Amino acid sequence: SWKTWAPNIYADYLDCHTGITSRDPSLDLVHPFDAPDSLPFASLTANLGPQTVCHHHRDIKNKCSGGLCAIKALGTFDSTLGGHLVLHELGLIVEIPSGDTVFFPSAVISHETIPIGADETRYSLVWYSAGGLFRWRDSGFQLLTEWAGKDRAAYDRHQNEGETRWNDGWRKFSTLSELTAKANCKNLS
2 SWKTWAPNIY
12 ADYLDCHTGI
22 TSRDPSLDLV
32 HPFDAPDSLP
42 FASLTANLGP
52 QTVCHHHRDI
62 KNKCSGGLCA
72 IKALGTFDST
82 LGGHLVLHEL
92 GLIVEIPSGD
102 TVFFPSAVIS
112 HETIPIGADE
122 TRYSLVWYSA
132 GGLFRWRDSG
142 FQLLTEWAGK
152 DRAAYDRHQN
162 EGETRWNDGW
172 RKFSTLSELT
182 AKANCKNLS
């Protein structure tokens, strides 16, 4: 699960999601039930095909460093022949069988999917959160221009810390040694 493999990123998304929805519960359209922490994304797109594929792109409005999206493939298609996720900068082509979900930083990795056969169907569900929501949270749930007018010194500090925030976002990704240490601690208890 997301909580297991990327706990720091999960915690950041949950904090942003609950911060926003606690101010206005009607904004919780993705999780209108009692378990909003299962996938604390702000948005869900249903691609209903019937032959859903995407062309080479990056989701530049999603959260960049320390950000993830989730894609669930659905339909009747041979995942060994088509429907693969191509992650360009990584040089990877990933099979995603129907029913599987993959998480990756779609704002910084160019990606596309390989077409499927003419007689096949492929749909997808895509969960994501816009980077602007995190900026809004970080500025005290107000527009940056409002923040600048109310507390110019704090706003200026925030603007000057862009590179630090970028690097801190990438440090939220778990390393294999961190995950192994966490698993070993659980096994000992």
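If you're matching positions, the sequence shown starts at 2 in this note's numbering and goes up one per residue. Cβ coordinates follow ideal geometry from the N, Cα and C atoms, glycine included. Here the structure is a predicted model, which is why all the values come from computation and not from measurement.
In the displayed model, residue 184 falls within a helix according to three-state DSSP. Note that the C-beta distance between residue 111 and residue 89 is below 7 Å. At least 7 Å separates the beta-carbon of residue 55 from that of residue 122. DSSP lists 126 as the beta-bridge partner residues of residue 47.
The Cβ-Cβ distance between residue 99 and residue 75 falls below 7 Å.
Excluding its 5 nearest sequence neighbours in each direction, residue 128 has C-beta neighbours in its own chain below 6 Å: 40, 42, 45, 71, listed in chain order. Going by DSSP, residue 72 is part of the beta strand (DSSP E) stretching over 70 to 75. Taking a cut-off of 8 Å for Cβ pairs, the segment 139 to 159 and the segment 60 to 69 do not touch, as fewer than three such pairs fall below it. The Cβ atoms of residue 125 and residue 9 do not sit closer than 7 Å to each other. In the DSSP assignment, residue 63 is bridged to 131.
For residue 143, the three-state secondary structure derived from DSSP is coil. With respect to residue 22, residue 29 sits close: the two C-beta atoms are nearer than 7 Å. Ranked by Cα distance from residue 11, the first of 73, 140, 117, 64 is 64. Residue 52 is bridged by DSSP to 123. The three-state secondary structure of residue 89, taken from DSSP, is coil. For a cut-off of 8 Å, the C-beta gap from residue 102 to residue 62 is around 21 Å, too long to register as a contact. Relative to the Cα of residue 15, the nearest Cα in the group 130, 177, 104 belongs to 130.
Cβ contact annotation for residue 59 (same chain, cutoff 8 Å, sequence separation greater than five): 107, 108, 109, 110, 111, 112, in chain order.
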